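Structure first, commentary second.
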Amino acid sequence: MIETTAAVLHGVGDLRIETRLVPPPGPHEVLIRVAACGVCGSDAIEAGRGRVLADPPVTLGHEFAGTVEAVGDAVRDLPVGGVVVSGAGIACGTCRPCRARRTNLCESYHTIGFHRDGALAGHVVVPASTVYDASHVGLAWDTLALAQPMAIAVHAVRRSGLRAGDKAVVLGVGGIGAFITHVAAALGAEVLAVARHQDKIDLARGLGAARGVLSGEAELAAHLAEIGWEPAVFFETSGSAAGLASIIDAAGRGSTIVPVGIQREPSTLSLGAISLNEIAIIGTVAHVFAQDVPEAVRLLAARADWSDVAGTVLPLSEVADGALAPLLEGRATQTKSIVDPWASAPRPAIHGRVR
Ligand SMILES: [Zn+2]
Ligand SMILES: [Zn+2]
23 MIETTAAVLH GVGDLRIETR LVPPPGPHEV LIRVAACGVC GSDAIEAGRG RVLADPPVTL
83 GHEFAGTVEA VGDAVRDLPV GGVVVSGAGI ACGTCRPCRA RRTNLCESYH TIGFHRDGAL
143 AGHVVVPAST VYDASHVGLA WDTLALAQPM AIAVHAVRRS GLRAGDKAVV LGVGGIGAFI
203 THVAAALGAE VLAVARHQDK IDLARGLGAA RGVLSGEAEL AAHLAEIGWE PAVFFETSGS
263 AAGLASIIDA AGRGSTIVPV GIQREPSTLS LGAISLNEIA IIGTVAHVFA QDVPEAVRLL
323 AARADWSDVA GTVLPLSEVA DGALAPLLEG RATQTKSIVD PWASAPRPAI HGRVR
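Heads up, the working numbering is the position in the sequence shown plus 22, with the first residue counted as 1.
Listed below in structure tokens is the structure:
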């Protein structure tokens, strides 16, 4: 056992920075020295609103990058010293969805940082099957910590069937919406970003969006008609009923709607129009590790600087007040919050190729 300093969730509103024991890796596990770990809306909801996923007491943190320090006896393909990024989801590998390579739908799917101790800590032990060896890309830690949320965006775009030359609408430019904008634009699609504030439109433009529109400014359907746009795919990332309703209203013949943000309320859909216009509504959840995580790392390497998405890195002591509370209250100033478990004060993020 080694001791590590960790951000441990004990219950709603009760996140403590304390010393926690990290066990030696089991046969199929690896011990990782965490270099950077992202924080997202799911962490904020678990910590601030109540239990959906997490089994407290548990160390949070599922979006991390670090160095392999020790490997279990049965681990063959991860070298000590390897630079890895987290996929976070643990799949059994043998159930029906796993055999169909849809590991994100595994019947016993569970997640590092919610169901077992995660990486808002100096060290973490995880199954070797949940980390990807990114040693070859030479990216900075703070960039690599973006791989897991980027993989979620890669998965959503892959599910949508979006192709180069298509037009796409991304509604909401938060953590996932920003990454979807980048993935779609990198694929060669023309992206229209819809956001509530101009700084988010500017961010989306920087990530490759061709156009932006403020959501309060015009009805989406009317705006699309005005600019003569017929998008192939609509991504709804806000999770708001109003966002989804505006997309359903705007979706034209043969288009695809991807509700990425999880709708909490049942909605009244006029399914007649969905049938008559052959509109596809496609679900998406998490990512398929083997496909989406390597692609996410490739896409992170395709852009030199991610400071506009994640510009400041926080120490563990500031996770609750500096990252989780602003996310929960909708006042986060950074699109992504990253934590350096070894830092004692906030520092500027380091991005790009460093190794
Ligand atoms: Zn997350
Ligand atoms: Zn399974």
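Ideal Cβ positions, reconstructed from N, Cα and C, are used throughout, including at glycine.
Just so we're clear, the structure is a prediction, and the values are computed from it rather than from any experiment.
- Annotation for SER289 indicates a beta carbon at 8 Å or more from all heavy atoms of ligand 1.
- DSSP places GLU248 outside any beta strand (DSSP E); the residue lies instead in the alpha helix (DSSP H), whose first and last residues are 242-249.
- Ranked by Cα distance from TRP163, the first of PHE86, VAL191, LYS222, GLU212 is PHE86.
- Judged by their CB atoms, VAL282 and ILE198 are nearer to each other than the 9 Å cut-off.
- Here the distance from the Cβ of TYR154 to the nearest heavy atom of ligand 2 is not below 8 Å.
- The shortest C-alpha to C-alpha distance from GLY35 to any of LEU214, GLY72, ALA208, VAL146 is the one to GLY72.
- Between the region 115-122 and the region 64-78, the count of Cβ pairs shorter than 8 Å is below three; the stretches do not touch.
- Counting the other CB atoms within 10 Å of its CB gives THR81 a total of 16 or more, which places it among the buried residues.
- Shown here, GLU25 sits in a strand according to DSSP, grouped into three states.
- Relative to the non-hydrogen atoms of ligand 1, the Cβ of SER359 never comes closer than 8 Å to any of them.
- These are the residues, in chain order, with a beta carbon less than 6 Å from any non-hydrogen atom of ligand 1: CYS62, SER64, HIS84, GLU85, PRO171.
- Sixteen is the threshold: when 16 or more other Cβ atoms of the shown chains lie within 10 Å of the Cβ of GLY135, as they do, the residue is buried.
- Excluding sequence positions up to five before and after ASP314, its CB lies within less than 6 Å of the CB of ALA173, VAL176, HIS177, all in the same chain and listed in chain order.
- Close to ligand 2, as judged by a C-beta nearer than 5 Å to any of its heavy atoms, are the residues ALA113, CYS114, CYS117, CYS120, CYS128, in chain order.
- Three or more beta-carbon pairs separated by less than 8 Å link the region 271-285 to the region 295-304, which places the two stretches in contact.
- By the criterion of a C-beta distance shorter than 6 Å, ALA69 is surrounded in its chain by LEU31, LEU37, LEU346, once the five residues flanking it on both sides are discounted.
- For CYS120, the three-state secondary structure derived from DSSP is helix.
- With a cutoff of 9 Å on beta-carbon distance, VAL146 and VAL61 are scored as not near each other.
- Here SER151 is near ILE112, since their CB atoms are less than 9 Å apart.
- In this chain, LYS222 is not harboured by any beta strand (DSSP E); it is covered by the alpha helix (DSSP H) spanning 220-228.
- According to DSSP, SER359 shares a beta bridge with VAL61.
- Ranking ARG353, ARG375, VAL319 by CA distance to the CA of GLY109 puts VAL319 first.
- Note on PRO370: under 16 other CB atoms within 10 angstroms of its CB, so exposed under the neighbour-count rule.
- For ARG233, same chain residues with a beta-carbon under 6 Å away, outside a window of 5 residues either side, are LEU214 in chain order.
- The beta carbons of LEU193 and GLU258 sit about 5 Å from each other, so the pair counts as a contact at 8 Å.
- With 16 or more other CB atoms across the displayed protein chains lying within 10 angstroms of its CB, HIS309 is buried.
- Under DSSP, TYR154 forms a beta bridge with VAL107.
- Within the DSSP secondary-structure output, GLU85 pairs in a beta bridge with GLY60.
- Rounded to the nearest angstrom, the Cβ distance from LEU321 to VAL205 is 6 Å, consistent with a contact under 8 Å.
- In the structure shown, PRO149 adopts extended strand secondary structure according to DSSP, grouped into three states.
- Residue nearest to GLY228 within the set GLY83, VAL376, LYS358, TRP328 is TRP328 (criterion: CA-CA distance).
- Beta-bridge pairing by DSSP links HIS309 to no other residue.
- In the DSSP assignment, PHE201 falls within the alpha helix (DSSP H) that extends over 197-208.
- Burial check for LEU291: the Cβ neighbour count within 10 Å stays below 16, so the residue is exposed.
- With fewer than 16 other beta carbons inside 10 angstroms of its own, GLN220 counts as exposed.
- Going by C-alpha positions, ALA324 is about 42 Å away from GLY294.
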